[in-house]
Structures are given as structure tokens and as C-alpha cells.
Amino acid sequence: MKKKLLAFSSSPRLNGNSETLLKEFCRAAENTGWEVELIRINNLDFKPCQACDLCARDGQCILKDDMQEIYPKLAASDALVIATPVTFGSVNAQLKMFIDRFQCWWNAKYTLKKPFIPEDAKHPGFFICVGALKKKDYCENAEQIIKVFFHNINHTLTGSMAFRGYDEKGAVVEDPEALEKVY
16 MKKKLLAFSS SPRLNGNSET LLKEFCRAAE NTGWEVELIR INNLDFKPCQ
66 ACDLCARDGQ CILKDDMQEI YPKLAASDAL VIATPVTFGS VNAQLKMFID
116 RFQCWWNAKY TLKKPFIPED AKHPGFFICV GALKKKDYCE NAEQIIKVFF
166 HNINHTLTGS MAFRGYDEKG AVVEDPEALE KVY
């Protein structure tokens, strides 16, 4: 049975730089025998976390939207990869809203002591970020957010790749080294 990789693109740009690199990463995974599902967060119809804390009762979010399809997919996957453009030194708004909706998983793990993925599983997680500025530390905050998110959903940040200096849509396509790095 093939291992399952769940891939999330948070860019609102269809085939933007981060999504292009993510697709190349996914192609490499498929070529090594993984089953890959790529989901564009911007295409999901979901509300932000309302901080109602009702998920502390049973680990389930009461908001009925597209996230209800995402939770079981993530629980059934063997690995996770997230790609995002860096906006003002952080993950973009789409990804932050998506991450915040995993408050129900946080409550399942820490309040109820019943995580959706066993703590000892430590599924691998990968992160790809693309930023316009070439500053060395421009992507560090985004990576820290992902580390905390992965820890809370029992994934381990196995690999992180930051690509700086790419702003115009399609700029990474002109850089074979960037494409090779994710493959």
C-alpha cells in the first residue's frame, strides 16, 4: 500500500512561486511511490476559528465547512507538506486561518489527552516558503509558526526550504536550482 502525502498550497495565486515549488516536491514524491493529494487552501470554504472552545468537550470543531473534510484526510496521511508565500515575514493569512482551525486538534491532544495522530507517530512534515525579500531571516518567523503547528498535530519538521528573492509570479520557473532543490 502506498504511503499518503497530503500537500497544502496556501498561495492565492494559482501556480504561484510557492505552489510551483510544491508541485515539483509532489512530483518527486510520486516518482518515489507516494500517493499525493494537493489541496489549495484558498479554494476551501471555511470560517476562521471562533475561539468558542466547544472543541474542548470532544475534540470536534462545531463549524461545519470544508475543514470537516480536511481533518480526517490529515489523520489518515503518512506525511504532510505545506507551501506558502511569506507575507511581512510570516505565513500568509490563508495559512494562518487554516492553522488556527486546528484548535480542535490542540484540545484533543492537550485537554482531552486523545490526539488524532498518536504522539509517538511523529509523522514527517515538510515546509516550503517563498519570500520576495532576500534578507536571511525573512522566513524564520514563518518556519517557527510551522514548527509549533507540526508539534501540535504530532508531525516533525523533517525538512524546511526557504526561497528568498522571488516576487513576480513564475520567477522560480526561471531558476532551475530552486526547482532541483525541492525535487
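Sequential numbering of the sequence shown, starting at 16, is according to my numbering.
The C-beta atom is built at its ideal place from N, Cα and C for all residues, glycine as well.
Please list the terminal residues of the continuous alpha helix (DSSP H) segment that includes residue i.
{"i": "residue 112", "result": "108–115"}
{"i": "residue 82", "result": "82–91"}
{"i": "residue 191", "result": "191–197"}
{"i": "residue 119", "result": "118–121"}
At a threshold of 7 Å, does residue i count as lining the ligand MN (C-beta to nearest heavy atom)?
{"i": "residue 30", "result": "By its list of ligands, the structure shown contains no ligand whatsoever, and the ligand MN lies outside what it can speak to."}
According to DSSP, simplified to helix, strand and coil, what is residue i?
{"i": "residue 134", "result": "coil"}
{"i": "residue 27", "result": "coil"}
{"i": "residue 40", "result": "helix"}
{"i": "residue 165", "result": "helix"}
{"i": "residue 144", "result": "strand"}
Could you tell me how far apart the beta carbons of residue i and residue j are, in whole angstroms, since I believe they sit closer than 8 Å?
{"i": "residue 187", "j": "residue 32", "result": "5 Å"}
{"i": "residue 171", "j": "residue 140", "result": "6 Å"}
{"i": "residue 138", "j": "residue 167", "result": "That belief does not hold up - the Cβ atoms of residue 138 and residue 167 are roughly 13 Å apart, past 8 Å."}
First and last residue of the beta strand (DSSP E) that includes residue i?
{"i": "residue 179", "result": "170–179"}
{"i": "residue 24", "result": "19–24"}
{"i": "residue 50", "result": "50–55"}
{"i": "residue 66", "result": "No beta strand (DSSP E) holds residue 66; DSSP gives it neither H nor E."}
{"i": "residue 97", "result": "94–102"}
For residue i, does the count of other Cβ atoms within 10 angstroms reach 16, so buried, or fall short, so exposed?
{"i": "residue 164", "result": "buried"}
{"i": "residue 128", "result": "exposed"}
{"i": "residue 48", "result": "exposed"}
{"i": "residue 39", "result": "buried"}
{"i": "residue 109", "result": "buried"}
{"i": "residue 142", "result": "buried"}
{"i": "residue 70", "result": "buried"}
{"i": "residue 41", "result": "buried"}
{"i": "residue 107", "result": "buried"}
{"i": "residue 77", "result": "exposed"}
{"i": "residue 91", "result": "exposed"}
Inter-stretch contact at 8 Å, needing at least 3 Cβ pairs: the stretch 147–163 / the stretch 119–134: Verdict: no, contact absent.
Evaluate contact between the stretch 130–137 and the stretch 59–70, counting only Cβ atoms and requiring at least three cross-stretch pairs below 8 Å. The stretch 130–137 vs the stretch 59–70: no contact.
With a threshold of 8 Å, are at least 3 pairs of Cβ atoms found where one atom belongs to the stretch 35–44 and the other to the stretch 82–89? In the pairwise beta carbon analysis, the stretch 35–44 is classified as not touching the stretch 82–89: fewer than three pairs are separated by under 8 Å.
The stretch 105–119 / the stretch 19–33 touching (three or more Cβ pairs under 8 Å): As far as the Cβ criterion goes, the stretch 105–119 touches the stretch 19–33, which means the pair count is three or higher.
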